[in-house]
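Residue numbers (our numbering), protein chains in the order written: chain A, 1 to 382; chain B, 1001 to 1371. Ideal placement from N, C-alpha and C gives every residue a C-beta, glycine not left out.
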Amino acid sequence: MVHSRFSTIDTSPLPLSDVNAVLKSEYYEVFGQETCPRDSWSVDSHVSVDDIENFKIGKSILKGHSCWGIYLSNNVAIDVQGLTKRYGELVAVNGISFTVNRGEIFAFLGPNGAGKTTTVEILECLRKPTGGKAFVLGFDIGKNPREIKKRIGVLPQDFYTYERLTVRETVQYYAGMFNAHPDVDELIRLVDLEDKKNVLFRNLSGGLKQRLGIAVALVNDPELIFLDEPSAGLDPKARHGVWHLIDGLHKKGKTVFLTTHYMEEAEVLADRVGIIHYGKIVALDSPQSLISENGKRNLLILKKTSPQAVPNIEKLGLKANYDVTTGDVTVHLNHTVGVSEVLHSLSSTGVPFGELQLKRSSLEDVFLNLTGVSLGEEEDNV
Amino acid sequence: MSHVVIDLKASLKSFWRDKSTIFWTLAFPTVLILLFGAIFSQSSIKYDLYIQNQDVIDGKITYWSGNLIDILNLTNAFNIQTVDASINGTEYALTNRLSSLLIIPYGFNDSANMALITHGSTTANVTFVYDQSTSSAPIVQSVVTGVVNATNFQLSKGVEYLNVEGLTIAPKRFGFIDFFIPGVIGMTAMTTSIFTAVSISARYKQNGIFHKLATTPLKRYEWILSRTIYNVLISYLGMAVMMLMGILIFGMKMTLDAISLLMVAMASLMFTGIGMIIARFVKDPDGADAAANVITFPMMFLSGTFFQISQMPQFLQTIAQVLPLTYVSEGLRAAMIFGQTQQALQNTALITVLGIASIIVGSLITKWEDD
């Protein structure tokens, strides 16, 4: 559990005489000189850091107890409650709710136009929601965007910056914007751009620009990093390079909020995946859980096999199809009958079979199953 | 404030590395100064020529004075305007900032007759009062002198009976180029500021730089302040190059005063604001550039940058009166050429008010992100 110390209160202990605000016990714990028993907490609504700041002007949190310091032992990095964004008649984000835990990679998956970018831009305090609430690192996005901006790192979709600044100058520029003093060379080394540090931004390839964008997103040593389509438009090699970087951030304990329309990206990187479609979250879980719950069965393909294999396999209670053009038999496996049973059955009846191929169900299948459309079906960006 | 300094440094570094911007900001106006002067001197437009004929006896124009005016009229080069014979012509020219006034003195007819009788041992003189700092004055003077010499040739095959004496009403050190360079300085401040503001506002929005900046603690006003200071510095750089060229190539003697510097800064402020307003309404970068062209081109030609507003048709003169660049050019000229402090201050005050107003409006309507 990550503890964020709230120093303002720590330095000015006050008697807690009036209860005007409450803590939501699931999210916050209070530590202090006196024990603050949980049963004294009034739990009925979410309290953000902004509310705790009110403490300074006379409001207090716990009735009858004084605390030397309040530490937010908040395991939630992002808390979204009924978030809605409308553009006239168009509902881009339709009352979505979810949480992102600290230290996890959360992938927001959906086709272009599903509402991913709108959601992420609301959380980055770039757009105002039409309805609902959202808290980022404990701060209310509507009340304290500046505090949020100081603490987050953002890689926008298609990162672009001043064309005639070098890699090193770009990192320095953004560090200056945060009044931060990172080890610039270390950041450049982290994204593997050491040999490009004196190259102008305009002369970098797409993949290198994204890498620089990631370095820029880290200049303020953010607690939470938003990566909006970090590998979109990159070739496979560059994409894997970016994935490696994101994985490195995860290992450093950073929280990563990733939006992507690449299934593989979400599957490889994410601890949890939220699937958004037409502004609504249609599924939210770990990639493996989503696949096991919503994916198709795994497929076994028997290359260049006799059609006699089909009735044999069907006797096992499995569905099988013979492709006359390729001579392949496709077997739809289930939880009770596996590959070994199928192969044993064929061997015992003398049905010949050649090469075997096992196709695992993927998030692509999950998405298709849940939305009825493929992620490749592009829509306008919202 | 540190954000402003950081952004300003980045902008200046980018400017220095952008050769095409350097060309359009500095080299282009320089080339323009050299080329336009040459083209302009070959122009066939009509010039205003004021004539004060004092040689009138009993309400009748004398033969020689009338003859001279007729010949000048026949050249078809002039719009001849008559100045009342009873007033002091030179003072009138000064007060009304006339570029050319021909004074035919009382007794000119008699002097011409005497010159004919004495075969040129005496001459009949007319006085050409002119403002050397105007572009038209040298041309008008050469035509008037040509007419007089042609008359001499017809009368006597070259013996000088009639003579033109020049009298300049502007200090001698100023010439056409002195008139021209302040105009180009104003024009450069305009084009640099408008195009930079338009280009940055529209392009940064399109390519996502605004989006990225919006995710940092950099405040919008800090960014606008940095870019405005940048535009002022680039305008000053343009001013320095133009002046240096004037001094080194044309031998000008220029003084740089606080009013001129303030005027250029305020003009930059005003045109930056105008550029931001354009970019707000025309969001497509190419469209925004085109819109900037639509605004800057007419101003460039109608605001007295290249030639005097008084030479333009009346309806264009009316338009010129509502164009802000007119007040910039005239203000700079008043400060740098005529030494007319009061007019320079008036124009600078006007541009300061317009500058502050337009930068406030521009800042308020410029958004990094749409909600």
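Measuring alpha carbon to alpha carbon, tell me which residue in B:Arg1097, B:Gly1120, B:Ala1124, B:Thr1188 is nearest tyrosine 1130 of chain B.
Residue 1130 of chain B sits at position 130 when you count from the first residue of the second sequence. Closest option to tyrosine 1130 of chain B, Cα to Cα, is B:Arg1097.
Just list the alpha helix (DSSP H) runs in the segment 322-375 of chain A, keeping only unbroken ones of 4 residues or longer that don't cross its boundaries, in chain order.
339-349, 363-371
What is the C-beta distance between methionine 1245 of chain B and threonine 1030 of chain B, in whole angstroms, given that I count them as a contact (C-beta under 8 Å)?
On the second sequence, residue 1245 of chain B is found 245 positions in, with the first residue counted as 1. On the second sequence, residue 1030 of chain B is found 30 positions in, with the first residue counted as 1. With 8 Å as the limit, methionine 1245 of chain B and threonine 1030 of chain B qualify as a contact, their Cβ atoms being about 6 Å apart.
What in chain A is Cβ-close to isoleucine 1337 of chain B, meaning under 8 Å?
In the second sequence, the residue the question calls residue 1337 of chain B occupies position 337. Result: empty, since nearest Cβ-Cβ is about 38 Å, beyond 8 Å.
Can you give the beta carbon distance from asparagine 312 of chain A to lysine 359 of chain A, rounded, assuming they're within the 8 Å contact cut?
To locate residue 312 of chain A, count along the first sequence from 1; it is residue 312. To locate residue 359 of chain A, count along the first sequence from 1; it is residue 359. Between lysine 359 of chain A and asparagine 312 of chain A the Cβ distance is about 20 Å, and since that is not below 8 Å, they are no contact.
Closest to glutamine 1235 of chain B by C-alpha separation, out of B:Ile1185, B:Val1198, B:Thr1123, B:Lys1019, would be which residue?
As a position in the second sequence, residue 1235 of chain B is number 235, starting the count at 1. Note that residue 1235 of chain B corresponds to serine in the displayed sequence, not to glutamine. Selected option, being the one with the closest Cα: B:Ile1185.
Assuming leucine 165 of chain A and tyrosine 174 of chain A are in contact, meaning their beta carbons sit under 8 Å apart, how far apart are those beta carbons, in whole angstroms?
Position 165 of the first sequence, counting from 1, holds the residue named residue 165 of chain A. Position 174 of the first sequence, counting from 1, holds the residue named residue 174 of chain A. Contact flag wrong, Cβ pair sits at about 10 Å.
Taking Cβ positions, are aspartate 328 of chain A and isoleucine 301 of chain A nearer each other than 8 Å?
Taking the first residue of the first sequence as 1, we reach residue 328 of chain A at position 328. Taking the first residue of the first sequence as 1, we reach residue 301 of chain A at position 301. Closer than 8 Å, so yes.
Helix, strand or coil for alanine 217 of chain A per DSSP?
Stepping through the first sequence from its first residue, residue 217 of chain A is reached at position 217. Helix.
From glycine 1362 of chain B to arginine 1227 of chain B, what distance separates their C-alpha atoms?
Within the second sequence, residue 1362 of chain B is the residue found at index 362, counting from 1. Within the second sequence, residue 1227 of chain B is the residue found at index 227, counting from 1. Approximately 12 Å, taken between the alpha carbons.
Of the choices A:Leu90, A:Val80, A:Glu89, whose alpha-carbon is the least far from that of valine 100 of chain A?
In the first sequence, residue 100 of chain A corresponds to position 100, counting from 1. Out of A:Leu90, A:Val80, A:Glu89, A:Val80 has the C-alpha closest to the C-alpha of valine 100 of chain A.
Strictly below 9 Å CB to CB, what residues from chain A border aspartate 1018 of chain B?
For the purposes of this step, residue 1018 of chain B is taken as the residue at position 18 of the second sequence. Neighbours of aspartate 1018 of chain B on chain A, chain order: Glu163, Arg164.
What is the rounded straight-line gap between the Cα of isoleucine 1274 of chain B and the Cα of isoleucine 1200 of chain B?
Against the second sequence, residue 1274 of chain B aligns to sequence position 274. Against the second sequence, residue 1200 of chain B aligns to sequence position 200. If you take the alpha carbons of isoleucine 1274 of chain B and isoleucine 1200 of chain B, they lie about 13 Å apart.
Taking Cβ-Cβ distances below 7 Å as the criterion, which residues of the segment 122-134 of chain A are in contact with chain B?
Glu124, Leu126, Arg127, Lys128
With a 10 Å radius around its C-beta and 16 neighbouring C-beta atoms as the bar for buried, classify proline 37 of chain A as buried or exposed.
Locating residue 37 of chain A in the first sequence gives position 37, counting from the first residue. Low local confidence applies: a pLDDT of 38 at proline 37 of chain A is under 50, so the model's placement there is unreliable, with the coordinate-based value given in what follows. Under this definition proline 37 of chain A is an exposed residue.
Rank B:Gly1107, B:Arg1333, B:Ser1121, B:Ile1117 by C-alpha distance to the C-alpha of valine 1264 of chain B and give the top, closest one.
The residue labelled residue 1264 of chain B in the question sits at position 264 within the second sequence. Per the Cα distances, B:Arg1333.
At 7 Å on the CB atoms, spell out the chain B contacts of phenylalanine 178 of chain A, in chain order.
Counting from one through the first sequence, the residue named residue 178 of chain A turns up at place 178. Chain B residues near phenylalanine 178 of chain A: Thr1216, Pro1217.
In the DSSP output, which residue or residues are listed as bridge partners for leucine 1101 of chain B?
Locating residue 1101 of chain B in the second sequence gives position 101, where the first residue counts as 1. Partner(s): B:Tyr1050, B:Val1129.
Confirm, please, whether the CB-CB distance from arginine 168 of chain A to isoleucine 188 of chain A is below 8 Å.
Translated into the one-based positions of the first sequence, residue 188 of chain A becomes position 188. Translated into the one-based positions of the first sequence, residue 168 of chain A becomes position 168. It is a contact, given that the beta carbons lie within the stated cut-off.
Can you tell me where the beta strand (DSSP E) with alanine 77 of chain A in it begins and where it stops?
Locating residue 77 of chain A in the first sequence gives position 77, counting from the first residue. Where alanine 77 of chain A is concerned, the enclosing beta strand (DSSP E) stretches over 76-87.
Taking all protein chains shown into account, decide if tyrosine 1230 of chain B is buried (16 or more other Cβ within 10 angstroms of its Cβ) or exposed.
Position 230 of the second sequence, counted from the first residue, corresponds to residue 1230 of chain B. Classification for tyrosine 1230 of chain B: buried.
Rounded to a whole number of angstroms, what is the C-alpha to C-alpha distance between proline 307 of chain A and leucine 109 of chain A?
Numbered from its first residue, the first sequence carries residue 307 of chain A at position 307. Numbered from its first residue, the first sequence carries residue 109 of chain A at position 109. Roughly 40 Å separates the two Cα atoms.
Nearest-angstrom Cα distance between leucine 343 of chain A and leucine 83 of chain A?
Within the first sequence, numbered from 1, the residue matching residue 343 of chain A stands at position 343. Within the first sequence, numbered from 1, the residue matching residue 83 of chain A stands at position 83. C-alpha separation (whole angstroms): 51 Å.
Looking only at C-alpha atoms, which of A:Asp271, A:Ala215, A:Leu208 sits nearest to alanine 232 of chain A?
Taking the first residue of the first sequence as position 1, residue 232 of chain A is located at position 232. Measuring from the Cα of alanine 232 of chain A, the nearest candidate turns out to be A:Leu208.
Under 8 Å between C-beta atoms, does serine 1226 of chain B make it to chain A?
Locating residue 1226 of chain B in the second sequence gives position 226, where the first residue counts as 1. Judged by the 8 Å Cβ criterion, serine 1226 of chain B is not in contact with chain A.
In its own chain, which residues sit with a C-beta less than 8 Å from the C-beta of asparagine 1163 of chain B, not counting the 5 before and 5 after it?
To locate residue 1163 of chain B, count along the second sequence from 1; it is residue 163. The residues Thr1123, Ala1124, Asn1125, Val1126, Val1148, in chain order, have a CB closer than 8 Å to that of asparagine 1163 of chain B in the same chain once the five nearest residues on each side in sequence are set aside.
If distances are taken between C-alpha atoms only, which option among A:Ala266, A:Glu355, A:Leu346, A:Gly338 comes closest to lysine 303 of chain A?
Within the first sequence, the letter at position 303 stands for residue 303 of chain A. Nearest option by C-alpha distance: A:Glu355.
For isoleucine 1104 of chain B versus glutamine 1141 of chain B, is the C-beta distance shorter than 8 Å?
As a working mapping, residue 1104 of chain B is identified with position 104 in the second sequence. As a working mapping, residue 1141 of chain B is identified with position 141 in the second sequence. It is not a contact, given that the beta carbons lie outside the stated cut-off.
Could you please tell me which residues of the segment 134-162 of chain A, in chain order, have their CB closer than 8 Å to any CB of chain B?
Arg146, Lys149, Lys150, Ile152, Val154, Pro156, Gln157, Asp158, Phe159, Tyr160, Thr161, Tyr162
Within the chosen definition, does the segment 144-159 of chain A reach the segment 1004-1012 of chain B through at least 3 CB pairs nearer than 8 Å?
no
Please specify which runs of the beta strand (DSSP E), each continuous and at least 3 residues long, are wholly inside the segment 1221-1308 of chain B, giving them in chain order.
none
Using a C-beta cutoff of 8 Å, does serine 1235 of chain B count as contacting chain A?
Taking the second sequence and counting its residues from 1, one reaches residue 1235 of chain B at position 235. Not closer than 8 Å to any Cβ of chain A, the Cβ of serine 1235 of chain B fails to qualify, so no.
Return the bridge partner residues of asparagine 94 of chain A from the DSSP annotation.
One-based indexing of the first sequence puts residue 94 of chain A at position 94. BP columns for asparagine 94 of chain A point to A:Thr84.
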